[in-house]
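Step one of this worksheet: look at the structure below.
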Amino acid sequence: MALWVDKYRPRELSKLDYHKDQAENLRNLCKQSDFPHLMFYGPSGAGKKTRIMCLLREMYGVGVERLRNETMSFTTPSNRKIEVMTVSSNYHLEVNPSDAGMYDRTVVIDLIKQVAQTHQIDINGQREFKVIVISEGDELTKDAQHALRRTMEKYIATCRIILSVNSTSRIIPAIRSRCLGIRVAAPSSTEMTSVLQATCKREGLVLPPELAMRVVDKSERNLRRALLMLEASKVQQYPFTAQQEIADLDWQVYLRETANQIVSEQTPAKLEKIRDRLYELLSQGVPPNIIFRGLVEHLVNNCDMSIKAKTLEHATQYEHRMQNGAKHIFHLEAFVAQFMNIYKKFLADLVMTDDF
Amino acid sequence: MDQYPDENEEFELQYQDELELLEDMPHEYDAYNDGPSTSHKAKAALEKRQVFDVDVDGAPPTNAAMHDVSRLSNSTISSPQLSQITFGATQIEESAGGGQVNRRLFGTPKGPTAGRGCSTPFHRMPAIKELASDGTDHAAPLLTAAAEQLQELGLRGKNKRRLERDLFGDIDDLYHESYEDPMVKKARTEEQRDNDAIERILELRRKMRESSKTVRHDDVSRLKALHDFKMKNLSYEIPSWPFLALQRSDLERLYVRYHSEDYERRQLELLSARGQQIGSLLGEAKQQVWQEANELVLRRMAPATQPQIEAAATPSVSPETGRLWVDKYKPRKYIDLLSDEMTNRSLLYWLKMWDKVVFGKAFHSKQEQQAVTSNSNSSSAAQQLNSFNKRTGKFESNGGWRQRKTRQALNTNVDELGRPMQKVALLCGPPGLGKTTLAHTIARHAGYNVREINASDDRSPEAFKLALENGTQMSSVLNQDKRPNCIVLDEIDGAPKQSIEYLVKFVSDGIYSKVKAKGAKAEHNVLRRPIICICNDIYDPALRPLRQIAFVVNFPPIDAARLAERLLQISRKEQLKTDFGSLIALAEKSGNDVRSCISSMQFFNVQKHSLTLQDVLNNNLGQKDRHQGLFDVWGAVFRIQRPKKMLQQNSSGNGDEPAQVTMTNMSVGTRVRNVLDVVHSSGDYERLAQGVYENYLQQKMPDPNFNGICEALQWFCFTDALQHQISRQQNYSIYPYLQYGFVVWHLLFATLAWPKIAFPTRGFEFNQKCTNQRNIFLSLRKGITSSAQGVGQGNILLLDTVPLLKRILSPQLRSVAVQLLSQKEQYDLRHTIQVMVDLGVNFIQVKSSEGHYVFQTEPDLDTLCAFPGAAGLTLPYFSRQLIAREVDLERIRRAAPKGSDGDAAKKPSTSSAAAAATKKKAASPRLPNHLQTLKPKQITDINGRSAPKQQLTKDFFGRVTHKVTASASNEEAKTDAIVKSPIWYRYKEGYNNAVRKDVHLNELL
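Going line by line, the protein sequences match chains A and B.
Those letters in the first sequence? Residues 1 to 356, per our numbering, in order.
Those letters in the second sequence? Residues 357 to 1361, per our numbering, in order.
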């Protein structure tokens, strides 16, 4: 519990820093006899997992916090061994099916069914059901989601499922309708500032409000990121100054630089260099949609008003196509080339109008 | 007709004075077109050889002569070169194209000049004719001619022996006697002699071709010769010379001249250039061959006595129609082979290298040659062979890279047993080039009995082993010819890998030592028979071990013109109306696949008895999926092919052909079709697309506005989407659309220039790196303890936490001892250690590539999320070392017994808290059942403690150990401390005060 993110994480619903009304609702939910499947959705770093853990603690008591790590291995129908890491207590099981990649359906079928089929050992416990927490639920493939929906209904007596997703749009409607959706919005900047201040106070540090504001800005209202950034800043230079450098995310820097290069030069040779950079980003595990988004943001920021709409239009088109493909580099490069095309035309027009 | 004599039998047959002589050679390519001759055959069978020979070729003198004369007069062309065409014209409508071709084919006129002093072994007719026409008298000119021949042969004999040794030792039968001036000969270098050998082979081939094209030039003179001959040797009255009386079917009595044996032999030598070499043939017993030949003759005699219509004469009726032409016209002799001469000879050379082991006959190889000529050019023969240029048909003594390459290919040295170093030959090449035929022909030619194991046989390792051992160590009992076996492993690229591995071991004599060790066989067996393997794809992974030890013979494609000539011969024989142009087209269309061409011809023959250029072009016949290399396909995509001019000329030169036969114009339509064909034949669209993707930007293209690139990329996206659909849903109905992307890319990027294409490695590298990164990431994820769940999972951990983690784990520490660190540094250090332990990260010492030691994170955070230009962990070596040690200690602390208290995590935090921790422990006493046994020791412990109380206990380094005193006061606590620890000791043999002491984990840390 060394990272501040872990160390100062609220453990109870009553101790939550923001969304207090929602916390109250959640507590009421626990008191009810009928506990539905839940789906926590919201941007990353908003506190979904924190709320889920608090909720579990509310239901089962401190026993929930006795966690153990397990690695389970499954064999897919194609005889491939996959390993999935789970974190579990006596009362719940947390699993991240995206570990299994495209074989997550097997995980859903095997693991979740197996857990759901067994009854709670502790009969004196408050609840007769176990909880399965699926983190990063929106990474589930459609197959897996379809496998899940039946499981959810069939084993409702013994098991509840809590999904933690970023966006509900990637969850099939069948699952959406089976879950009670709970939106965890990203904290507002004031809320975040207060959290940062509170953290520093407990650490015995002095945090200048300007720096706090800057961290919040930089973290894009992602509380986890903000806390990590603050901690990194602390390691780099403790007596905080208002203007001290805040650590950037490397891949963001790299992506920004890539976007700048696209704007700076439009030649096939450059396109090839961009391709190398895109390959680099992809191979480092940055998801293609995030790359896409970052590129578009920076490009749109850097280009003229008249071609912004066009850029966005193409971006949506290629991004959509990318979802239907497997080789993301094609689509990314296609978008870059398209932008270069637009931009070059724009520049040519500009020269023309200047001439006349 | 089902059994043709092969090379060896043939020699013996010539010794026989029987009618076989006419059957063995000319039958294969000569159709007996003149019907009357067949009826004559029955009675002619009883006649003497010469008579018969003449009879067959000459046809009945009465009306055939008229025929031939009229034919000649009909023909507008009267030159000897073209007389054959006239001859063929009895069946074939002579087309302009055919005439053109024929003229081209016979660049060297033969005719009367060819007969001078040289009689081709395959064409003995001209010899007789010449013999007869030389003079009208009987014996005198004949004898002079014979003497002349003999003299020449004698001259040649010396020279020839050396020649054959230089080369293959046994290609005598290939030679035809050519006139050689001894003076010139002396001046020749070895190389020239090789040149001669090749030239002779080529010449011989040409001659044979001509002869097979039924070169019946000057028929009239021949008829005259025949008449003379008959007059000389046949008589109705009792002649003056020795005779044999015969009765004809019409009860007429004939007297046939009886020649002396000596004369007979001379005649034979006149007729056949090979007559002389029979004795030295392959070291095989002459008697044996003789016997075989006798047998064969007897077998043939039976059907020959009764009149029987020759199959070839009436193609549609005979049982021959059921036979595939491919079999029918299979090359049966070395000289018939269509494949590249260099290939043939190098394989033959290799096979002859086995002679010493197999036949016990020394093969005149390099060593001997060295001894004799001290030429020091050890592998000259092989080199020179291999520098044979197939385009020019000449030897080239270019001392360049080609020679060096071939030296590697065939190791001409032999091992201690006299076997070639490469004990397996591996023939490889696309199908239909005649690899199997070559292997069979050459093996038979070299005197082996071919034992073939192909894909239709069971090739499981066990069966394979059995077959190999049987083939190499046993010989057939039932079969009467006692030839040694030569194993031909056909289609070996389909064999299971184990079998090939076994073969490799077998060949390198690895098998037998094992058997010997077991005591099964005391004798050390070695491979004593040649093995020839045949495959299509030499780069088959299973063949890799074999490739390294084998003598690899790559099959170059057959020359289209040469193939077409052979096809023309066949068509003549089968009376298929065609012309050379269309056959060339057919050959080219099928990629010079002999089998496919012949089969197509047969198909056309059955269908309509004619084959025109149009047929060839309009039909999809003969087109096979040629496996083209990836680079060829990419080349086709990025390059606009230049129009093929040759074909255009051919078709335009044919006045008869309709104008629509226009091939390669480079319109868009043709290009599209071409690209589609090429891409389709390759098939591996995904890799092809990747190749195009990684190369298209390098192509020169005038595309300033990125329009083309955008379009191309759209197609890449489309292809990707399709491929994804196919692989995900197994929906192969959309598979055909994949190839159209290549058309677009071709149209966008293709140029006339030769494109520079690099092999696409980027995608592969990318995948490798992805896997690598993912593995590091997974190991990081696995290591994260349950107390650090806030760092997220999956992408969040990777994108948010890891980059910042690197900074969090980079505290600024001075390079001093831990005790001297400032409070802030201490705090940072502790914090870092805690975080690292939480995340399961540590520094480990590894040796870097430069040779010095570095501390690296494990799992490798530095590599994870490392972008060029971004700072990773900035810790210096010292700090890493320090942290590594501390992290290890912290790990031990955390793993320390938790059984005593719930506050395991709290206890080991700092050393200052140790005392407090022990006190806490003391507060909760427990009494396990083994307490009694320990109690007495505790008492003694106190006694032992009492002494150190007076003076401070010091450890090895002189540091005062004060902790003991702090805890020693409480006896109960002591007891508990020991009892609680999961490890406890029981001394059975008393105790020793000097040793006995409480040691806590805390003190060690």
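Using N, Cα and C, we set each Cβ at its ideal position, and we do this for glycine too.
Note that this is a predicted model, so its numbers are computed, not measured.
CA-to-CA distance, residue j to residue i, given in whole angstroms
{"i": "Ile-890 of chain B", "j": "Asp-846 of chain B", "result": "5 Å"}
{"i": "Tyr-318 of chain A", "j": "Ala-1045 of chain B", "result": "19 Å"}
{"i": "Asp-349 of chain A", "j": "Tyr-1049 of chain B", "result": "30 Å"}
{"i": "Asn-1151 of chain B", "j": "Pro-287 of chain A", "result": "8 Å"}
{"i": "His-801 of chain B", "j": "Arg-807 of chain B", "result": "14 Å"}
{"i": "Glu-620 of chain B", "j": "Leu-694 of chain B", "result": "34 Å"}
{"i": "Cys-1066 of chain B", "j": "Phe-820 of chain B", "result": "56 Å"}
{"i": "Tyr-388 of chain B", "j": "Gln-603 of chain B", "result": "With a pLDDT of 43 at Tyr-388 of chain B, under the threshold of 50, the predicted position of this residue should be treated as unreliable, though the coordinate-derived value follows. Their backbone Cα atoms lie some 26 Å apart in a straight line."}
{"i": "Val-184 of chain A", "j": "Gln-244 of chain A", "result": "31 Å"}
{"i": "Gln-644 of chain B", "j": "Asp-692 of chain B", "result": "25 Å"}
{"i": "Ile-557 of chain B", "j": "Tyr-614 of chain B", "result": "36 Å"}
{"i": "Asn-301 of chain A", "j": "Pro-187 of chain A", "result": "25 Å"}
{"i": "Pro-840 of chain B", "j": "Arg-775 of chain B", "result": "15 Å"}
{"i": "Gln-1179 of chain B", "j": "Leu-1169 of chain B", "result": "11 Å"}
{"i": "Thr-190 of chain A", "j": "Pro-77 of chain A", "result": "51 Å"}
{"i": "Gln-328 of chain B", "j": "Lys-861 of chain B", "result": "Outside the shown range of chain B (357 to 1361) lies residue 328 of chain B, about which nothing can therefore be said."}
When the options are compared against residue i, the one with the closest alpha-carbon
{"i": "Leu-783 of chain B", "options": "B:Thr-792, B:Arg-775 and B:Met-777", "result": "B:Thr-792"}
{"i": "Ile-1164 of chain B", "options": "B:His-1187, B:Ala-1144 and B:Gly-1148", "result": "B:His-1187"}
{"i": "Glu-333 of chain A", "options": "A:Ile-274, A:Cys-30 and A:Ser-167", "result": "A:Ile-274"}
{"i": "Lys-838 of chain B", "options": "B:Ala-781, B:Tyr-804 and B:Ile-1113", "result": "B:Tyr-804"}
{"i": "Gly-181 of chain A", "options": "A:Arg-11, A:Gly-45, A:Pro-36 and A:Arg-293", "result": "A:Pro-36"}
{"i": "Ser-1143 of chain B", "options": "B:Cys-1126, B:Phe-1105 and B:Val-1193", "result": "B:Val-1193"}
{"i": "Gly-850 of chain B", "options": "B:Asp-915, B:Ala-811, B:Ile-843 and B:Thr-1117", "result": "B:Ala-811"}
{"i": "Asp-304 of chain A", "options": "A:Phe-346, A:Glu-272, A:Leu-223 and A:Phe-330", "result": "A:Phe-346"}
{"i": "Ser-1166 of chain B", "options": "A:Met-53, A:Gln-237 and A:Asn-96", "result": "A:Gln-237"}
{"i": "Ile-175 of chain A", "options": "A:Thr-258, A:Gly-137, A:Leu-26 and A:Glu-220", "result": "A:Gly-137"}
{"i": "Leu-13 of chain A", "options": "A:Ile-307, A:Cys-200, A:Met-53 and A:Met-39", "result": "A:Met-53"}
{"i": "His-314 of chain A", "options": "A:Val-107, A:Ile-329, A:Ala-337 and A:Asn-324", "result": "A:Ala-337"}
{"i": "Arg-562 of chain B", "options": "B:Ala-1251, B:Phe-1223, B:Arg-922 and B:Ile-914", "result": "B:Arg-922"}
Chain A contact residues for residue i, given Cβ-Cβ distances below 8 Å
{"i": "Arg-1130 of chain B", "result": "Gly-285"}
Reduced DSSP secondary structure (H/G/I, E/B, other) of residue i
{"i": "Arg-11 of chain A", "result": "coil"}
{"i": "Gly-137 of chain A", "result": "helix"}
{"i": "Lys-81 of chain A", "result": "strand"}
{"i": "Val-62 of chain A", "result": "helix"}
{"i": "Arg-68 of chain A", "result": "strand"}
{"i": "Cys-1221 of chain B", "result": "coil"}
{"i": "Cys-54 of chain A", "result": "helix"}
{"i": "Ala-1144 of chain B", "result": "helix"}
{"i": "Gln-338 of chain A", "result": "helix"}
{"i": "Cys-842 of chain B", "result": "strand"}
Neighbouring residues, chain B, relative to residue i (Cβ below 8 Å)
{"i": "Glu-280 of chain A", "result": "Phe-1223 and Pro-1224"}
{"i": "Gln-266 of chain A", "result": "Phe-1062"}
{"i": "Glu-247 of chain A", "result": "Checking the displayed sequence, the identity of residue 247 of chain A turns out to be Ala instead of Glu. Result: Pro-1159, Leu-1160 and Arg-1163."}
Amino acids of chain A, ordered along the chain, whose beta-carbon sits closer than 7 Å to that of residue i
{"i": "Gln-1149 of chain B", "result": "Asn-96, Ser-135 and Glu-136"}
{"i": "Ser-1089 of chain B", "result": "Chain A residues near Ser-1089 of chain B: none, gap ~17 Å exceeds 7 Å."}
{"i": "Ala-1077 of chain B", "result": "Arg-321, Asn-324 and Gly-325"}
Contact list for residue i against chain B, beta-carbon separation under 9 Å
{"i": "Arg-105 of chain A", "result": "Near Arg-105 of chain A there are no residues of chain B at all, since even the closest Cβ is about 13 Å away, more than 9 Å."}
{"i": "Val-64 of chain A", "result": "Per Cβ cutoff of 9 Å: no residues; Val-64 of chain A is ~12 Å from chain B at best."}
{"i": "Val-235 of chain A", "result": "Arg-1163, Ile-1164, Leu-1165, Ser-1166, Pro-1167, Gln-1168, Asp-1184, His-1187 and Thr-1188"}
Amino acids of chain A, ordered along the chain, whose beta-carbon sits closer than 9 Å to that of residue i
{"i": "Thr-1157 of chain B", "result": "Leu-3, Val-5, Arg-224, Arg-225 and Leu-228"}
Subject >> Length-filtered (3 minimum) beta strand (DSSP E) runs lying within the segment 888 to 943 of chain B >> reply: Listed in chain order, the complete beta strand (DSSP E) runs (minimum 3 residues) inside the segment 888 to 943 of chain B are 907 to 910.
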